[in-house]
Each structure stands twice: as C-alpha cells, then as structure tokens.
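Everything in the sequence shown is counted per the working numbering, starting at 38 for the first residue and increasing by one. Even for Gly, the Cβ is constructed at its ideal location relative to N, Cα and C.
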Amino acid sequence: MPSEYSSYMETGNKVIDETAQGSTTIIEPTVQGKRKLYIESYGCQMNFSDSEIVASILSKEGFNTTNSLQEADVVFVNTCSIREKAEQTVRQRLRSFQKAKKEKPEMIIGVLGCMAERLKSKFLEEEKLVDIVVGPDAYRDLPNLVQQVDEGKKAVNVILSKEETYADISPVRLLSNGVSAFISITRGCDNMCTFCVVPFTRGRERSRNPVTIINEAKELFSKGYKEVTLLGQNVDSYLWYGKEGLKKNYTNLSDEEKAKSMNFAQLMEQVALISPQLRVRFSTSHPKDITDEFLHVMAKYDNICKYIHLPFQSGNTRILEVMNRGYTREWYMNRIDKIKEIMPDCSISADIIAGFCSETEEEHQDTLSLMEYVKYDFAYMFKYSERPNTQAQKRLKDDVNEEDKSRRLAEIVALQRKHSLEANQKYVGRTFEVLVEKVSKKSDNELAGRTSQNTVVVFPKENHKVGDYVQVKVNACTGGTLLGKAIS
Ligand code: SAH
Ligand code: SF4
Ligand code: F3S
Numbered sequence: 038m039p040s041e042y043s044s045y046m047e048t049g050n051k052v053i054d055e056t057a058q059g060s061t062t063i064i065e066p067t068v069q070g071k072r073k074l075y076i077e078s079y080g081c082q083m084n085f086s087d088s089e090i091v092a093s094i095l096s097k098e099g100f101n102t103t104n105s106l107q108e109a110d111v112v113f114v115n116t117c118s119i120r121e122k123a124e125q126t127v128r129q130r131l132r133s134f135q136k137a138k139k140e141k142p143e144m145i146i147g148v149l150g151c152m153a154e155r156l157k158s159k160f161l162e163e164e165k166l167v168d169i170v171v172g173p174d175a176y177r178d179l180p181n182l183v184q185q186v187d188e189g190k191k192a193v194n195v196i197l198s199k200e201e202t203y204a205d206i207s208p209v210r211l212l213s214n215g216v217s218a219f220i221s222i223t224r225g226c227d228n229m230c231t232f233c234v235v236p237f238t239r240g241r242e243r244s245r246n247p248v249t250i251i252n253e254a255k256e257l258f259s260k261g262y263k264e265v266t267l268l269g270q271n272v273d274s275y276l277w278y279g280k281e282g283l284k285k286n287y288t289n290l291s292d293e294e295k296a297k298s299m300n301f302a303q304l305m306e307q308v309a310l311i312s313p314q315l316r317v318r319f320s321t322s323h324p325k326d327i328t329d330e331f332l333h334v335m336a337k338y339d340n341i342c343k344y345i346h347l348p349f350q351s352g353n354t355r356i357l358e359v360m361n362r363g364y365t366r367e368w369y370m371n372r373i374d375k376i377k378e379i380m381p382d383c384s385i386s387a388d389i390i391a392g393f394c395s396e397t398e399e400e401h402q403d404t405l406s407l408m409e410y411v412k413y414d415f416a417y418m419f420k421y422s423e424r425p426n427t428q429a430q431k432r433l434k435d436d437v438n439e440e441d442k443s444r445r446l447a448e449i450v451a452l453q454r455k456h457s458l459e460a461n462q463k464y465v466g467r468t469f470e471v472l473v474e475k476v477s478k479k480s481d482n483e484l485a486g487r488t489s490q491n492t493v494v495v496f497p498k499e500n501h502k503v504g505d506y507v508q509v510k511v512n513a514c515t516g517g518t519l520l521g522k523a524i525s
C-alpha cells in the first residue's frame with residue numbers, strides 16, 4: 038500500500054503490516070468437532086496467495102480456519118527469507134507460540150514457505166517446537182504430513198517441482214474484503230539476481246494454464262469481486278505453450294507449441310475482456326521483459342489499472358551488472374519513457390536496494406538521480422541484506438559498512454517521501470474513479486479505496502458502500518493518501 042512504504046522499510050517486509058493485524062478469517066461457520074487451522078503469512082503477495090491454497094487443501098480434509106491462535110489445532114506460519122530481518126520476525130513469532138503450545142500440547146505447529154525451503158529439516162533442529170516443515174511446492178502433501186504428526190512423527194517435504202502450479206485448486210479467500218483477490222499466474226523465478234534467495238526457495242519458473250487463470254477470474258467476478266491482481270515474480274515472462282513445465286523462450290517453441298502459446302500481453306487482454314467492471318492489476322513487472330505489446334494492451338483497456346511496479350534496484354549500470362539484473366540504466370530509462378509516452382497517466386513504483394556489494398558513493402548518487410528522473414509515486418526501499426547461498430554471498434563481499442548503508446537508505450527514503458508528496462499534490466483538484474475496499478481505519482463514517490493509479494483515497498461514506506465504484510473529487514492529500522468527496 039502506498040501510504041505504508043516507510044513501515045515496509047522498517048519491517049523490511051512488504052505485506053507484514055497486514056499480518057500484524059491478524060491474518061486469518063473464518064471460512065465457514067464453525068462446525069463442532071472439526072479441526073481448526075490458524076495461518077499467519079509473511080512476505081510477498083505470493084505467500085498470501087499460497088496460504089489460500091493451503092487453506093483450500095486442508096478444508097477438503099475437514100479443517101476450518103480460525104483467527105484465534107488459542108482455538109487452533111494446527112498453526113501454520115507461511116514464511117519469508119528475502120532479508121535477514123524477515124526471518125528474524127518469523128523466529129520471534131515462533132517463540133511466542135511456545136506459550137500457546139504449553140497450554141495446548143497437542144497443538145501442531147508447521148512452518149511453510151520460503152524459510153522452510155531454505156532451512157529444510159534444519160528447522161526441526163533449530164526450532165524444537167516445530168512439527169512440520171513444508172516448502173512452497175509441496176502443499177498437496179499437507180494432509181499426509183499432518184497425519185504423520187498425528188501418528189507421533191515429525192514431517193518434512195521440501196521437494197521443489199518443475200510442474201506444480203496448483204492450477205486446479207480453488208483458493209479459500211483469507212483476509213478477503215470480497216472486493217479484491219490475488220491470482221497466481223507463474224511460480225518460481227529463473228532470473229538469478231545475485232542478491233536474491235527466491236530462485237532457491239521457490240524453484241524454477243513455470244506458467245500456469247491460462248484457462249484456469251481466466252476461469253478463476255470469471256468465478257471471482259461472478260461472486261461479486263471487482264478486482265483481481267495477477268501475481269508472479271516476473272509476470273512479463275509468463276508464457277504458456279500447451280503444458281505445465283519449465284519456461285521456454287518463444288523462439289524455441291515448435292510450430293504446434295507456438296499455435297497454442299499465450300504470452301503475458303495476450304493473457305492480460307483475456308482477463309480484461311471478462312468485464313469492464315472487473316479491474317485487473319499485476320505484479321511484479323521486470324524491466325528487462327516488459328514489452329511494448331503489453332503496454333499497448335494496458336492502454337487499450339480502461340479496466341487494466343494504470344499502475345506498474347517496476348523495481349530498478351540500482352540506478353548504476355555497473356551495479357546492475359553485478360546484480361545480474363539483465364538491463365542497464367539507459368534501458369530502464371527507455372522503458373520508463375515508453376510507459377509515459379503510451380500512458381501519460383500511469384503511476385510507477387519501484388524497489389530499491391541501498392548499499393549492495395561494492396557500491397560507491399557515486400554509484401549511490403546514480404540511484405538518487407534515477408529517482409529524480411522517474412519521480413516514482415512510491416517505492417519499497419531496503420538495505421542490502423546478504424542471504425546464504427546466493428551468488429552474492431558466494432562470490433561478492435558485503436563491503437558497504439552499516440553506517441553508509443543506513444545513510445544511503447535514509448537519503449533514498451527522504452527523496453522518495455518528497456516525490457510521493459509531490460505526486461499526490463498533482464492529483465489534488467482531479468476526479469478519480471475509486472473502487473471502495475473498506476471502511477476507513479480512522480472513522481466509520483469514511484470509506485477507503487484506490488484509484489486506478491493505486492493511490493489510496495479516503496472520503497465521507499454518505500450512501501456508498503464497499504465494492505462500489507465511486508467518482509471522487511480529491512481536495513487534499515498527505516504523502517500517502519488522497520482525501521476527497523464523492524460527486525454525484
Ligand atoms: N521479483 C521481484 C522482486 C521480489 S523480492 C523483482 O524482481 O522485482 C522484492 C524485493 O526485495 C526486490 O525487488 C528487492 O528490492 C528486495 N530484495 C531482494 N533480495 C534482497 C536482499 N538480499 N537484500 C535487500 N533487499 C532485497
Ligand atoms: Fe529475485 Fe530477481 Fe527473481 Fe525478482 S527477478 S525474484 S529479484 S531473482
Ligand atoms: Fe519472501 Fe519468498 Fe516472497 S522469500 S518475498 S515470501 S517469494
């Protein structure tokens with residue numbers, strides 16, 4: 038969420054704020070005698086989306102979800118390894134479960150997701166109270182693993198798959214406002230950015246069958262949802278060619294595969310065509326892969342939200358090379374120019390890493406000057422955190438001292454605060470279509486929603502409700518939020 042970028046930076050974790058407020062909901066009225074599952078999710082949207090798959094798999098085994106830890110028979114933490122701090126947060130959380138387990142010794146505690154994949158069975162040695170360790174591709178095995186624990190054993194499955202996309206599983210929507218939902222379109226990542234742990238925790242990239250994606254979006258729309266976000270570590274490299282499996286380049290496809298193939302631009306168009314009343318978002322785009330074809334599809338459909346999250350990590354070409362990002366500063370600037378040319382009203386956000394291995398002061402200045410060039414609406418900003426077994430950890434030195442890293446990050450954050458405020462000030466006086474997502478945190482008489490550009494707007498409720506599209510005239514702003522009033 039745009040208004041929360043500073044807290045992301047503090048927690049070092051994209052969606053952790055939501056978890057802090059309790060991440061589970063009851064999926065159906067509690068039935069006496071059913072076992073209860075409590076899931077807490079950390080990390081990126083993919084993890085939140087995976088928790089919904091886990092809830093679905095276990096609901097078939099007679100589990101209801103609960104948002105009360107004390108009530109739970111099974112407690113799962115879906116974990117993130119992206120930065121050290123993300124892992125520390127999970128460990129602290131596991132410690133705090135100790136009390137609950139003492140009061141209820143039969144409670145099963147499981148670790149899912151990226152940290153489970155990274156640490157594998159070591160987790161069982163390090164965290165004695167953990168009973169189950171399951172990697173992101175092994176969730177279908179959960180009923181069996183829970184049964185093993187019921188029989189008094191510890192259970193581990195961290196096998197990564199080259200095919201698994203959970204395409205046929207209809208997620209149980211946790212944390213849902215009934216308005217917006219996530220749909221995973223790819224799993225894994227083949228990019229091997231040198232700083233990044235994701236290729237090791239999530240495995241090879243695979244694309245999900247488009248028929249199942251489109252059906253899931255249609256079903257959500259028929260249930261009253263108004264917004265879907267297509268998810269992948271690099272959505273632009275989505276490529277379906279007739280079967281689940283490892284990614285191939287378009288040029289390597291056989292004629293038969295080419296005939297069946299669908300790229301991200303084509304998939305997006307199909308989802309946008311479901312209904313003009315269904316907003317479509319996507320995350321994350323990759324500067325090396327985002328195509329003009331896709332930008333033109335975006336521009337063509339009003340219901341494809343005019344917002345692109347385009348992480349650049351560093352504004353310096355040498356550092357980008359050391360990061361193995363696959364583009365230069367100039368290439369990135371060209372992509373920005375193209376977005377602004379095709380969609381002048383498109384907002385752009387980024388991820389930025391401060392103090393990567395060998396980054397000099399001048400190279401850091403290049404990051405600041407690129408920020409000046411683009412003027413992002415908002416950004417997620419991080420200090421480089423060395424991750425075990427990544428290329429950077431094996432081949433490079435984490436040699437920017439802590440003090441410089443912190444100062445560079447602070448400079449990046451200060452500049453972004455200024456740009457965010459300027460971006461919001463530009464919106465004052467304009468009218469936007471806002472999709473209402475919730476009642477405002479601050480007042481029951483106010484609603485909160487987002488513009489197509491992904492900016493949060495708060496306005497007096499009057500006779501509007503969650504799920505409505507409302508024309509709102511913006512009359513004031515803060516660095517993170519627009520304030521306005523509905524117009525008839
Ligand atoms: N697939 C997305 C990013 C997923 S991870 C992409 O490539 O854009 C989210 C963000 O975490 C990254 O964009 C990066 O800015 C940050 N990140 C990843 N590894 C990191 C590390 N070792 N230290 C600090 N930040 C990191
Ligand atoms: Fe990590 Fe790079 Fe893949 Fe993003 S594209 S998940 S940063 S390896
Ligand atoms: Fe974290 Fe794994 Fe996502 S490391 S950012 S939860 S892919």
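Practice item. Taking the CB atoms as reference points, tell me whether Val-195 and Asp-168 lie closer together than 8 Å. Key: On the sequence shown, position 158 is the one that residue 195 refers to. On the sequence shown, position 131 is the one that residue 168 refers to. For Val-195 and Asp-168, no; Cβs fall outside 8 Å.
Check your understanding: When the Cα of Asp-205 is compared with those of Cys-230, Asp-178 and Thr-249, which residue comes out closest?
Key -> If you number the sequence shown from 1, residue 205 lands on position 168. Closest option to Asp-205, Cα to Cα, is Thr-249.
**Study point:** Leu-310: first and last residue of the uninterrupted beta strand (DSSP E) it sits in
**Key:** In the sequence shown, counting from the first residue as 1, residue 310 sits at position 273. Element bounds for Leu-310: n/a, residue is neither H nor E.
**Study point:** CA-to-CA distance, Ala-309 to Gly-504, given in whole angstroms
**Key:** Here residue 504 refers to the residue found at position 467 of the sequence shown. Here residue 309 refers to the residue found at position 272 of the sequence shown. Near 18 Å, if we compare the C-alpha coordinates of Ala-309 and Gly-504.
Check your understanding: What separation, rounded to the nearest whole angstrom, lies between the Cα atoms of Ser-384 and Leu-283?
Key -> Here residue 384 corresponds to residue number 347 of the sequence shown, with the count starting at 1. Here residue 283 corresponds to residue number 246 of the sequence shown, with the count starting at 1. The alpha-carbon atoms of Ser-384 and Leu-283 are separated by roughly 32 Å.
Check your understanding: Is Ala-523 closer than 8 Å to Val-507 when the C-beta atoms are compared?
Key -> Working through the sequence shown from its first residue, we reach residue 507 at position 470. Working through the sequence shown from its first residue, we reach residue 523 at position 486. Closer than 8 Å, so yes.
**Study point:** Lys-263 burial status per 10 Å Cβ neighbour count (16 or more: buried)
**Key:** What you label residue 263 is simply residue 226 of the sequence shown in a count that begins at 1. It counts as buried.
Practice item. Kindly list the residues whose CB is nearer than 6 Å to the CB of Leu-357, restricted to its own chain and excluding five residues on each side of it in sequence; keep chain order. Key: Along the sequence shown, one-based indexing puts residue 357 at 320. Once the five neighbours on either side are set aside, the close Cβ partners of Leu-357 are Ser-351.
Check your understanding: Roughly how many whole angstroms lie between the Cα atoms of Leu-407 and Leu-276?
Key -> Residue numbering aside, residue 407 sits at position 370 when the sequence shown is read from its first letter. Residue numbering aside, residue 276 sits at position 239 when the sequence shown is read from its first letter. In a straight line, the C-alpha of Leu-407 is about 31 Å away from that of Leu-276.
Check your understanding: In chain order, what residues have a CB nearer than 5 Å to some heavy atom of the ligand F3S?
Key -> Gly-80, Cys-81, Asn-84, Cys-117, Ser-118, Ile-119, Cys-151 and Val-235
**Study point:** Beta-carbon gap between Val-183 and Val-111 smaller than 8 Å
**Key:** Taking the sequence shown and counting its residues from 1, the one referred to as residue 183 is at position 146. Taking the sequence shown and counting its residues from 1, the one referred to as residue 111 is at position 74. It is a contact, given that the beta carbons lie within the stated cut-off.
Review point. Any heavy atom of the ligand SF4 within a distance shorter than 7 Å of the CB on Asn-426?
Key: Counting from one through the sequence shown, the residue named residue 426 turns up at place 389. Outside the cutoff, so no.
Point to revise | Reduced DSSP secondary structure (H/G/I, E/B, other) of Met-144 | key: The residue you call residue 144 lines up with position 107 of the sequence shown. In the structure shown, Met-144 sits in coil (DSSP, three-state: anything other than H, G, I, E or B).
Check your understanding: Got a sec: does the ligand SAH put a non-hydrogen atom nearer than 7 Å to the Cβ of Ile-390?
Key -> Here the question's residue 390 lines up with position 353 in the sequence shown. True, at least one ligand heavy atom lies under 7 Å from that Cβ.
Review point. Who are the Cβ neighbours of Asp-326 in its own chain at under 7 Å, not counting the five residues just before and after it?
Key: Here the question's residue 326 lines up with position 289 in the sequence shown. These residues qualify, in order along the chain: Asn-271, Asp-273 and Ser-274.
Exercise for review: State yes or no: is the C-beta of Ser-221 within less than 8 Å of the C-beta of Val-193?
Suggested key: Residue 221 sits at position 184 when you count from the first residue of the sequence shown. Residue 193 sits at position 156 when you count from the first residue of the sequence shown. In this structure, Val-193 does not lie closer than 8 Å to Ser-221 by Cβ.
Practice item. Just the C-alpha distance for Gln-82 and Phe-349, rounded to the nearest angstrom, thanks. Key: Translated into the one-based positions of the sequence shown, residue 82 becomes position 45. Translated into the one-based positions of the sequence shown, residue 349 becomes position 312. Taking the straight line from one Cα to the other gives about 19 Å.
Check your understanding: Arg-120: buried (16+ other C-beta within 10 angstroms of its C-beta) or exposed?
Key -> Indexing the sequence shown from 1 puts residue 120 at position 83. Buried, because 16 or more other Cβ atoms sit within 10 Å of the Cβ of Arg-120.
Point to revise | Under the three-state DSSP convention, the category Gln-303 falls into | key: Here the question's residue 303 lines up with position 266 in the sequence shown. Looking at Gln-303 - three-state DSSP - the assignment turns out to be helix.
Practice item. Check Arg-444 in the structure and name its three-state DSSP category. Key: As a first step, residue 444 must be located in the sequence shown, where it is residue number 407. In the structure shown, Arg-444 sits in a helix (DSSP, three-state: H, G or I).
Practice item. Give the straight-line distance between the Cα atoms of Arg-243 and Pro-236, rounded to the nearest whole angstrom. Key: Here residue 243 corresponds to residue number 206 of the sequence shown, with the count starting at 1. Here residue 236 corresponds to residue number 199 of the sequence shown, with the count starting at 1. For Arg-243 and Pro-236, the distance between alpha carbons rounds to 12 Å.
Practice item. Take the Cβ of Lys-280 as the centre, count every other Cβ of all protein chains shown within 10 Å, and call the residue buried at 16 or more, exposed below. Key: Your numbering for residue 280 matches position 243 in the sequence shown. Lys-280 is exposed by the Cβ-count criterion.
Review point. Can the beta-carbon of Val-509 be found less than 8 Å from the beta-carbon of Val-493?
Key: Indexing the sequence shown from 1 puts residue 509 at position 472. Indexing the sequence shown from 1 puts residue 493 at position 456. Contact: no.
Practice item. Can you tell me which of the three DSSP states Ser-395 falls into? Key: Here residue 395 corresponds to residue number 358 of the sequence shown, with the count starting at 1. Three-state DSSP puts Ser-395 in coil, outside helix and strand.
Practice item. Can you say whether Gln-490 is buried or exposed, counting buried as having 16 or more other CB atoms within 10 angstroms of its CB? Key: In the sequence shown, counting from the first residue as 1, residue 490 sits at position 453. Burial call: buried.
**Study point:** Neighbourhood of Arg-224 by C-beta, 6 Å cutoff - its chain only, sequence neighbours within 5 removed
**Key:** Residue mapping note: residue 224 aligns to position 187 of the sequence shown, counting from 1. Cβ neighbours of Arg-224 beyond the five flanking positions: Thr-202 and Arg-243.
Review point. In chain order, what residues of the same chain have a beta carbon less than 8 Å from the beta carbon of His-501, not counting five sequence neighbours either side?
Key: By one-based count along the sequence shown, residue 501 stands at place 464. Cβ neighbours of His-501 beyond the five flanking positions: Val-473, Leu-484, Val-507 and Ala-523.
Point to revise | Other residues of its chain near Val-68: CB distance less than 6 Å, five sequence neighbours each side excluded | key: For the purposes of this step, residue 68 is taken as the residue at position 31 of the sequence shown. Caution is warranted here: a pLDDT of 48 is assigned to Val-68, below 50, making its placement in the model unreliable, and the coordinate value is therefore given only provisionally. Around Val-68: no qualifying Cβ.
**Study point:** Closer than 7 Å: Gln-125 CB and nearest the ligand SAH heavy atom
**Key:** Here residue 125 corresponds to residue number 88 of the sequence shown, with the count starting at 1. No - the ligand SAH has no heavy atom lying nearer than 7 Å to the Cβ of Gln-125.
Check your understanding: So, are the CB atoms of Val-437 and Glu-396 less than 8 Å apart?
Key -> The residue you call residue 437 lines up with position 400 of the sequence shown. The residue you call residue 396 lines up with position 359 of the sequence shown. Closer than 8 Å, so yes.
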